[in-house]
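A.B. asks: Residue numbers (my numbering), protein chains in the order written: chain A, 3 to 328; chain B, 7 to 262. Beta carbons are placed, not taken as given, at the ideal position from N, Cα and C, and that holds for glycine. Please read all numbers here as calculations on a predicted model, not as lab measurements.
#1: Buried or exposed: residue 233/B, going by 16 or more other Cβ atoms within 10 Å of its Cβ?
#2: Assuming residue 91/A and residue 107/B form a contact by the criterion Cβ under 8 Å, report the distance between their Cβ atoms to the nearest whole angstrom.
#3: Give a yes or no on whether 7 Å exceeds the smallest Cβ distance from residue 17/B to chain A.
#4: List in chain order: all unbroken alpha helix (DSSP H) runs of 4+ residues lying wholly within the region 29-75 of chain A.
#5: Decide yes or no for the touch test of the region 41-55 of chain B against the region 153-170 of chain B: beta carbon pairs closer than 8 Å, at least 3 of them.
#6: Counting C-beta neighbours from all protein chains within 10 Å, is the total for residue 216/B 16 or more, i.e. buried, or is it exposed?
#7: According to DSSP, simplified to helix, strand and coil, what is residue 101/A?
#8: Could you compute how far the alpha carbon of residue 15/B sits from the alpha carbon of residue 124/B?
#9: Starting from the Cα of residue 188/A, find the closest Cα among 205/A, 280/A, 314/A and 241/A and give me that residue.
#10: Mind checking residue 88/A: buried by the 16 CB within 10 Å criterion, or exposed?
#11: Considering only the alpha carbon of each residue, which of 113/A, 96/A and 229/A lies closest to residue 129/A?
#12: Assuming residue 151/A contacts residue 83/A under a Cβ cut-off of 8 Å, what Cβ separation, rounded to an integer in Å, is found between them?
#13: Taking the alpha carbon of residue 131/B as the point to measure from, which residue in 153/B, 150/B and 165/B has its own alpha carbon closest?
#14: Thinking C-beta only, is residue 18/B closer than 7 Å to residue 116/B?
#15: Beta-carbon within less than 7 Å of residue 256/A's beta-carbon, same chain only, minus the 5 sequence neighbours each way: which residues are those?
#16: If we ignore side chains and look at the alpha-carbon of each, how far apart do residue 201/B and residue 51/A end up?
#17: Taking its Cβ as the centre, do 16 or more other Cβ atoms sit within 10 Å of residue 270/A, making it buried, or is it exposed?
#18: When you check each C-beta in the region 98-116 of chain B against every C-beta of chain A, which residues fall closer than 7 Å?
#19: Between the region 112-121 of chain A and the region 174-190 of chain A, can you find at least three pairs of beta-carbon atoms closer than 8 Å?
#20: Give a yes or no on whether the minimum CB-CB distance between residue 261/B and chain A is below 7 Å.
#21: Name, in chain order, the residues that DSSP records as bridge partners for residue 14/B.
#22: Residue 238/A by DSSP, collapsed to three states: which one?
#23: Throw me the rounded Cβ distance for the residue 43/A and residue 313/A pair, which I believe falls under 8 Å.
#24: In chain order, what residues of the same chain have a beta carbon less than 8 Å from the beta carbon of residue 177/A, not counting five sequence neighbours either side?
#25: Around the C-beta of residue 328/A, are 16 or more other C-beta atoms found within 10 angstroms, so that it is buried, or is it exposed?
#26: In the region 253-317 of chain A, which residue ranges form an unbroken beta strand (DSSP E) of at least 3 residues, counting only runs that do not cross its ends?
#27: Short of 9 Å Cβ to Cβ, which residues in the region 132-150 of chain B face chain A?
#28: Using 7 Å as the limit for Cβ to Cβ distance, is residue 21/B near chain A?
#29: Would you call the CB atoms of residue 114/B and residue 72/A closer than 7 Å?
#30: In chain B, which residues lie less than 8 Å from residue 72/A when you measure between Cβ atoms?
#31: With C-beta atoms as the reference, is residue 241/A less than 7 Å away from residue 289/A?
#32: Between residue 91/A and chain B, is there a C-beta pair that is closer than 7 Å?
#33: Does the pairing of the region 74-85 of chain B with the region 228-245 of chain B give three or more beta-carbon distances under 8 Å?
#34: Does the region 52-66 of chain A touch the region 216-224 of chain A, meaning 3 or more C-beta pairs lie closer than 8 Å?
#35: I need the straight-line Cα distance from residue 322/A to residue 41/A, nearest angstrom please.
#36: Since residue 45/B and residue 144/B are thought to touch, with beta carbons under 8 Å apart, how far apart are those beta carbons, to the nearest angstrom?
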C-alpha cells in the first residue's frame, strides 16, 4: 500500500482550475519532493490531502484511508503536517503549543515533558519557550511548526515548504533530519529550492498550472537526463598530452582540461565508442585516476526543461519566469 | 475535549475577552446599587435651583437595584458578549489557526463545542460573580434583595446570555469573517427584542426568548414565578439548538 494515492484529483476555485486530474503515488518510506513554481497547485493538493479543502473531482487516500473533510483522529495521529506559514493558537507560549500537541496526541505526561525539553533545545527555541508564539519571527514559527510535527514522532510527514524561512544552518539541519527519516517514515514535502530536493529526496513530482508534469524516482530521472560527458579527476593532474590525444579521437566532440581534471563530451553517436575506448586510454596513460563519472543535468536544469516544454515563461517573460523558480 | 477546553479558556482569559466581560459585570454590580440608592438624592440636588418643576422619584429598594443590574447585563452584557465571541471560529478560520489545530488529532465537532463550553464557563463566571457582588453590595447599601428570586434571576440571565452566545458562535462558524458574524448576531439581537413591541401582552409573547431577561424584574418583585419562564426557555432552547446544530454540521464539512 502506498502512503499517498491520488487519482484524477481536480480542484476548481470559481472557475479557475488549481488542480487538473492529478494522479500521484507516494511509496511508503520515501522522501518525496513535490515541486512546482508559484501557483502550480502544490499547497492546494496538500490541503486536499489534509482534509482542509474538498476536491472538485477525483479521489485521494492517505495510508489507505480515503481523504474526506476532516480526517479521522486515528489518521491524523499518524501524520505530521506543517503548513506553509504555521500559525498557532493565539496567546499560547511556544511551550504551551507543544504541550497542546503532545496532549492531543496522547503522549504520557512524563514522556511529553522530556520530549518537549529536548525538542526545544534541538530547534533552538528553549530561550523563547515561555514567550507567546504569536510574537515569534517567521523563522522561529517555522522551527516551532517543525517541532510540533516531530514531537509525536509520526510515521508520515507532509510538509509544505518546510525550510523556506530558515537560515542556511537551520535549513541544512532540517534537510539532514528529513534525509535521516528515509526508510523509517514517509516524507512528502514541497519546495522551491531544487538543490534541497536533490540533496534529500529519492522521488520527485513536478506540478505546473495544476497538472502533473512528471513523477519519478530521482535516480531514474537523473539517469534519463544523463549527459554524453565524462569527467575524470587525477591525483596529480592530467598527464601532459592527454587532452590533445582525446581531442584527436573522432568520438570526442569537446574536451575541457583544468589543473585537476579533464571532461570529455562525446560527439553525436560517439558515446558507445567513447565508453569502449576511454577507460583503456586512461589506463594506458600512467596517471592515477581518483574519480571517473558520467555527468548529468542537475535537478534545476531538468525542472526548467520540463517547465519550458510545458510552456513556462512564455507569458512570464524570460528571466523573470526563471527567477520565480528559485 | 478537556485539552481543547483548557486551551480555549486560557485564550479567553489571556486575550482579555473574559476579563472584559467580568469587569463589565463587576462595573454594573457596583454602579446599579449605588444608582438605586442615590439617584433620588442626585435628582433632587440637580433640580433644587429650578422653580415650578416638581419631579417625584419613586422610592428605590434592593429589588430595583437588582432589576437594574440584570437589565444592564441583558443589554450591555449581551452586546459585549457578541463582540468578544464573534471571532471565536471566524477569526481563527481567517488566520489559519483552525486549519493548524484541526490537522492535529482533533475532531471538528470537539473543536467547535469546546469553544462553546469555554465561553459558557466565562458567562457562568461573570454572571455568578457579578450577581453575588451586586447582591452583597445592595445588601450593604439598602438591605438584602430576595435570595430565591435573585438566584433564579441569575440562572435565567445565564440562559438568556447562552442564547446570545449560541447565535454568535453559530454565526461565527457559518459565516466567513468575524464582522459578518458579529453583524448577524446583532441583527438577531434586534429581531429578538422587536416582538416585545408587538406581542408582549399576547399569548404568543410568552414564547418570546427575550422574556428570559425581561421577566427577571417581575420575578424579583414577586409578580412572576420561575415557571413563567418555561415557554420562553423552551423557545430559546429550540432556537439555540437549531443554530448550534446547523453551525456544527456545516463546520464539520466546511473548507478551511
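C.D. replies: Judging by the given coordinates:
#1: Locating residue 233/B in the second chain gives position 227, where the first residue counts as 1. The residue in question, residue 233/B, is exposed, as its Cβ has fewer than 16 Cβ neighbours within 10 Å.
#2: Here residue 91/A is taken as the residue at index 89 of the first chain, counted from 1. Here residue 107/B is taken as the residue at index 101 of the second chain, counted from 1. Right, their Cβ atoms sit about 6 Å apart.
#3: Position 11 of the second chain, counted from the start, is the residue given in the question as residue 17/B. Residue 17/B counts as touching chain A.
#4: DSSP assignment within the region 29-75 of chain A yields the following whole alpha helix (DSSP H) runs of 4 residues or more, N-terminal first: 44-51.
#5: With the cut-off at 8 Å, the region 41-55 of chain B and the region 153-170 of chain B do not touch.
#6: If you number the second chain from 1, residue 216/B lands on position 210. Buried, by the Cβ-count rule.
#7: Numbered from 1 along the first chain, position 99 holds the residue referred to as residue 101/A. Three-state DSSP puts residue 101/A in a helix.
#8: One-based indexing of the second chain puts residue 15/B at position 9. One-based indexing of the second chain puts residue 124/B at position 118. Between the alpha carbons of residue 15/B and residue 124/B lies a distance of about 5 Å.
#9: Position 186 of the first chain, counted from the first residue, corresponds to residue 188/A. Nearest of 205/A, 280/A, 314/A and 241/A to residue 188/A, Cα basis: 205/A.
#10: Taking the first residue of the first chain as 1, we reach residue 88/A at position 86. Buried is the call here.
#11: Translated into positions along the first chain, residue 129/A becomes position 127. For residue 129/A, the closest of 113/A, 96/A and 229/A by C-alpha to C-alpha distance is 96/A.
#12: Taking the first residue of the first chain as 1, we reach residue 151/A at position 149. Taking the first residue of the first chain as 1, we reach residue 83/A at position 81. A Cβ-Cβ separation of about 7 Å places residue 151/A in contact with residue 83/A under the 8 Å criterion.
#13: Translated into positions along the second chain, residue 131/B becomes position 125. If you compare the alpha carbons of 153/B, 150/B and 165/B with that of residue 131/B, the shortest gap goes to 165/B.
#14: The residue labelled residue 116/B in the question sits at position 110 within the second chain. The residue labelled residue 18/B in the question sits at position 12 within the second chain. For residue 116/B and residue 18/B, no; Cβs fall outside 7 Å.
#15: Here residue 256/A is taken as the residue at index 254 of the first chain, counted from 1. Shown here for residue 256/A: same chain residues with a beta carbon closer than 7 Å to its own, the five before and five after excluded, namely 267 in chain order.
#16: Here residue 201/B refers to the residue found at position 195 of the second chain. Here residue 51/A refers to the residue found at position 49 of the first chain. Computed Cα separation, rounded: 48 Å.
#17: For the purposes of this step, residue 270/A is taken as the residue at position 268 of the first chain. When all chains shown are included, residue 270/A counts as exposed.
#18: Residues passing the 7 Å Cβ filter: 101, 102, 103, 105, 106, 107, 108, 109, 110, 111, 112, 113 and 114.
#19: No, they do not touch.
#20: Within the second chain, numbered from 1, the residue matching residue 261/B stands at position 255. Under the Cβ distance rule, residue 261/B counts among the residues neighbouring chain A, one pair being separated by less than 7 Å.
#21: For the purposes of this step, residue 14/B is identified with residue 8 of the second chain, where counting begins at 1. The partner list for residue 14/B (beta bridge, DSSP) is empty, contrary to what the question assumes.
#22: Your numbering for residue 238/A matches position 236 in the first chain. Collapsing the DSSP output to three states places residue 238/A in coil.
#23: Indexing the first chain from 1 puts residue 43/A at position 41. Indexing the first chain from 1 puts residue 313/A at position 311. Actually they do not touch by this definition, with Cβ atoms about 15 Å apart.
#24: Position 175 of the first chain, counted from the start, is the residue given in the question as residue 177/A. Result list for residue 177/A: 165, 198, 201 and 202, in chain order.
#25: Here residue 328/A is taken as the residue at index 326 of the first chain, counted from 1. Low confidence applies here, because residue 328/A scores a pLDDT of 37, under 50, leaving its location unreliable and the question unanswered by this model.
#26: Those beta strand (DSSP E) runs which fall completely within the region 253-317 of chain A and span 3+ residues are 254-259, 263-268 and 291-298.
#27: For the region 132-150 of chain B, which is checked against every Cβ of chain A, not one residue is closer than 9 Å.
#28: On the second chain, position 15 is the one that residue 21/B refers to. Output row for residue 21/B: interface = yes.
#29: Stepping through the second chain from its first residue, residue 114/B is reached at position 108. Stepping through the first chain from its first residue, residue 72/A is reached at position 70. With contacts defined as CB atoms closer than 7 Å, residue 114/B and residue 72/A qualify as a contacting pair.
#30: Your numbering for residue 72/A matches position 70 in the first chain. Here the neighbours are 108, 113, 114, 258 and 259.
#31: One-based indexing of the first chain puts residue 241/A at position 239. One-based indexing of the first chain puts residue 289/A at position 287. Between residue 241/A and residue 289/A, the CB-CB gap stays under 7 Å.
#32: Taking the first chain and counting its residues from 1, the one referred to as residue 91/A is at position 89. Taking Cβ atoms only, chain B reaches closer than 7 Å to residue 91/A, which makes this a yes.
#33: Touching, no.
#34: Under the Cβ criterion (8 Å, minimum of three pairs), the region 216-224 of chain A does not count as touching the region 52-66 of chain A.
#35: For the purposes of this step, residue 322/A is identified with residue 320 of the first chain, where counting begins at 1. For the purposes of this step, residue 41/A is identified with residue 39 of the first chain, where counting begins at 1. With a pLDDT of 40 at residue 322/A, under the threshold of 50, the modelled position of this residue cannot be trusted, and the question is left open.
#36: Numbered from 1 along the second chain, position 39 holds the residue referred to as residue 45/B. Numbered from 1 along the second chain, position 138 holds the residue referred to as residue 144/B. Here residue 45/B is actually not in contact with residue 144/B; their C-beta atoms are around 14 Å apart, not less than 8 Å.
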